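Let me begin by presenting the structure, written as structure tokens, before commenting on it.
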Amino acid sequence: MKAQLKTHLLNNETVDLYELFHQLQPISIYEVINQLHQLKHELELTTKLSPLVSQIDGLLPKLNAIDNPKDQIEWLCTEIDIAQRGHSMSRYIHLVDSHSTFTPKADLVLFGDSITEWGPWQDVFTHIPHVNRGIAGDTTFGMLRRIETTLAVQPKLITIMAGINDLSQGFSVDSVFDNYTKILAYWQRNNCEILVQSTLFCGQKLVHLNAQVTELNDRLVAYCQQHQINYLDVNAVLCPNQFLSNEFTCDDLHLNARAYSTWINLLQPKIETLLS
Numbered sequence: 001m002k003a004q005l006k007t008h009l010l011n012n013e014t015v016d017l018y019e020l021f022h023q024l025q026p027i028s029i030y031e032v033i034n035q036l037h038q039l040k041h042e043l044e045l046t047t048k049l050s051p052l053v054s055q056i057d058g059l060l061p062k063l064n065a066i067d068n069p070k071d072q073i074e075w076l077c078t079e080i081d082i083a084q085r086g087h088s089m090s091r092y093i094h095l096v097d098s099h100s101t102f103t104p105k106a107d108l109v110l111f112g113d114s115i116t117e118w119g120p121w122q123d124v125f126t127h128i129p130h131v132n133r134g135i136a137g138d139t140t141f142g143m144l145r146r147i148e149t150t151l152a153v154q155p156k157l158i159t160i161m162a163g164i165n166d167l168s169q170g171f172s173v174d175s176v177f178d179n180y181t182k183i184l185a186y187w188q189r190n191n192c193e194i195l196v197q198s199t200l201f202c203g204q205k206l207v208h209l210n211a212q213v214t215e216l217n218d219r220l221v222a223y224c225q226q227h228q229i230n231y232l233d234v235n236a237v238l239c240p241n242q243f244l245s246n247e248f249t250c251d252d253l254h255l256n257a258r259a260y261s262t263w264i265n266l267l268q269p270k271i272e273t274l275l276s
């Protein structure tokens, strides 16, 4: 791989990351970018790593105008924090507003984070009235805040997959499980049929979270059994070794089409049974 990346860097003014990834897959895109950065430094090249002007590229001119290194770090951290929080919260605000306003009657609600939001549900459940209520980056805290949007469409069944964003941000399994059970209890009080789906394991970049994922799933299984809630172990088909392989992801977290197809083969008959 290193020789191929070196050739690409030497022969192009701008790297085509999309093309490179497809030449090298299965691999994590983060590993590709990391290797490119190392080679670019070793070879003292000015090759751009993509046509995208990254956030840091846009900040560098202003950063270089600040003399004091401490002030540089403080300014840079503040700017990145504002950009990251602003982007995440603006998406959340807009989507919750949309989900609260547009409430077509639907038999099925798919609730979760990016793994749910980016699913091809509209191409799969063509015969089932449904709404996608996934929001990328959302945590169980955010899901609790917007939980009323799930009932606004008068669903017969609600599916949920959640928790990985909480864990990646440093929240404990206890806090995730507490929020999760509040969500489930809310739906049960409103007489909803529920399908909990296992929180997925991660690949190499986030492998340190997998022990917590195991603990969370174990506690969810026990809770669902105790409260007569349906549970679907998606890890059984996507992560049989408690690890999300590059066969199913390009970033150790989110799913590619092959992963969604595998998941759907497990999920679709379960949903059809619960709605019948």
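Residue numbers are given in the UniProt record's numbering: position 191 of the sequence shown equals residue 191, and the series is strictly consecutive.
Beta carbons: idealized from backbone N, C-alpha and C, even for Gly.
Quick caveat: nothing in here was measured; it's all calculated off a predicted structure.
- Item | Residues near Val-176 by beta carbon distance below 7 Å, same chain, minus five either side | For Val-176, the CB contacts under 7 Å within the same chain, skipping 5 residues up- and downstream, are Thr-140, Gly-163, Asp-166, Leu-167, Leu-216 in chain order.
- Message: Quick check: what's the CA-CA separation for His-127 versus Arg-133?
- Response: Their backbone Cα atoms lie some 18 Å apart in a straight line.
- Distance, Leu-232 Cα to Asp-97 Cα: The alpha-carbon atoms of Asp-97 and Leu-232 are separated by roughly 30 Å.
- Taking the runs of the alpha helix (DSSP H) that are 4 residues or longer, which of them lie wholly in the segment 42-103? Correct list: 55-64, 69-101.
- Based on the DSSP secondary-structure assignment, which residues constitute the bridge partners of Arg-133? Residue pairing of Arg-133 in beta bridges, as defined by DSSP: Phe-111.
- Query: Of all the options Asp-57, Thr-14, Tyr-92, His-94, which has the alpha carbon lying nearest to the alpha carbon of Leu-76?
  - Reply: Comparing Cα-Cα distances from Leu-76 to each of Asp-57, Thr-14, Tyr-92, His-94, the minimum goes to Asp-57.
- Message: Measuring only the C-alpha atoms, how far is Gln-225 from Ala-136?
- Response: Cα-Cα distance, rounded: 29 Å.
- Task: Check Glu-247 in the structure and name its three-state DSSP category.
- Result: Coil at Glu-247, not helix or strand.
- Give me the Cα-Cα distance between His-22 and Lys-40, rounded to the nearest whole angstrom. Whole-angstrom Cα-Cα distance: 20 Å.
- Task: Using a threshold of 9 Å, state whether the C-beta atoms of Gln-197 and Asp-252 are closer than that.
- Result: Cβ distance not < 9 Å, so Gln-197 and Asp-252 don't count as in contact.
- Item | Top-ranked residue by Cα proximity to Ala-236, from Leu-206, His-208, Thr-199, Leu-9 | Out of Leu-206, His-208, Thr-199, Leu-9, Thr-199 has the C-alpha closest to the C-alpha of Ala-236.
- Message: Helix, strand or coil for Ile-183? Go by DSSP, reduced to three states.
- Response: Note: Ile-183 maps to helix in three-state DSSP.
- Message: Applying the 10 Å Cβ sphere with the 16-neighbour rule, what's the burial state of Met-1?
- Response: Counting other Cβ atoms within 10 Å of its Cβ, Met-1 stays below 16 and is therefore classed as exposed.
- Message: Give me, in chain order, the residues of the same chain whose beta-carbon lies closer than 6 Å to that of Cys-192; leave out the 5 immediate sequence neighbours on both sides.
- Response: Excluding positions up to five away in sequence, the list reads Ile-158.
- Contact set for Glu-79: own chain, Cβ-Cβ below 7 Å, skip 5 residues either direction: Same-chain partners within the cutoff: Leu-59.
- Query: Going along the chain, which residues of its own chain have a beta-carbon closer than 7 Å to the beta-carbon of Thr-149, five neighbours each way excluded?
  - Reply: Around Thr-149: Val-96, His-99, Ser-100, Arg-133.
- Buried or exposed: which applies to Thr-46, given that a residue is buried once 16 or more other Cβ atoms fall within 10 Å of its Cβ? Flag for Thr-46 reads exposed.
- Could you pull the start and end residues of the alpha helix (DSSP H) that Gln-226 belongs to? Counting along the chain, the alpha helix (DSSP H) containing Gln-226 begins and ends at 210-226.
- Message: Beta-carbon within less than 7 Å of Pro-26's beta-carbon, same chain only, minus the 5 sequence neighbours each way: which residues are those?
- Response: Excluding positions up to five away in sequence, the list reads Asn-246, Glu-247.
- Message: For a test of your reading of the model: does the CB of Phe-102 fall under 8 Å from any non-hydrogen atom of the ligand GTP? Yes or no.
- Response: This structure lacks the ligand GTP; in fact it carries no ligand of any kind.
- Query: Within 10 angstroms of its Cβ, does Thr-14 collect 16 or more other Cβ (buried), or is it exposed?
  - Reply: Burial state of Thr-14 is exposed, judged by a 10 Å Cβ sphere holding fewer than 16 other Cβ atoms.
- Between the beta-carbon of Gln-242 and the beta-carbon of Val-213, is there less than 9 Å? Yes.
- Item | Status (buried if at least 16 other CB within 10 Å, exposed otherwise) for Gly-86 | With fewer than 16 Cβ atoms within 10 Å of its Cβ, Gly-86 is classed as exposed.
- Message: Can you list, in chain order, the residues of its chain with a C-beta nearer than 7 Å to that of His-8? Leave out the 5 residues immediately preceding and following it.
- Response: Annotation for His-8: Val-15, Leu-20 place their beta carbon closer than 7 Å to its own, counting only its chain and skipping 5 residues before and after.
- Asn-230 - DSSP class collapsed to helix/strand/coil: DSSP, reduced to helix, strand and coil, places Asn-230 within a strand of the structure shown.
- Query: When DSSP labels each residue in this structure, what does Val-237 get in the three-state scheme?
  - Reply: Assignment of Val-237 by DSSP, reduced to helix, strand and coil, places it in the helix class.
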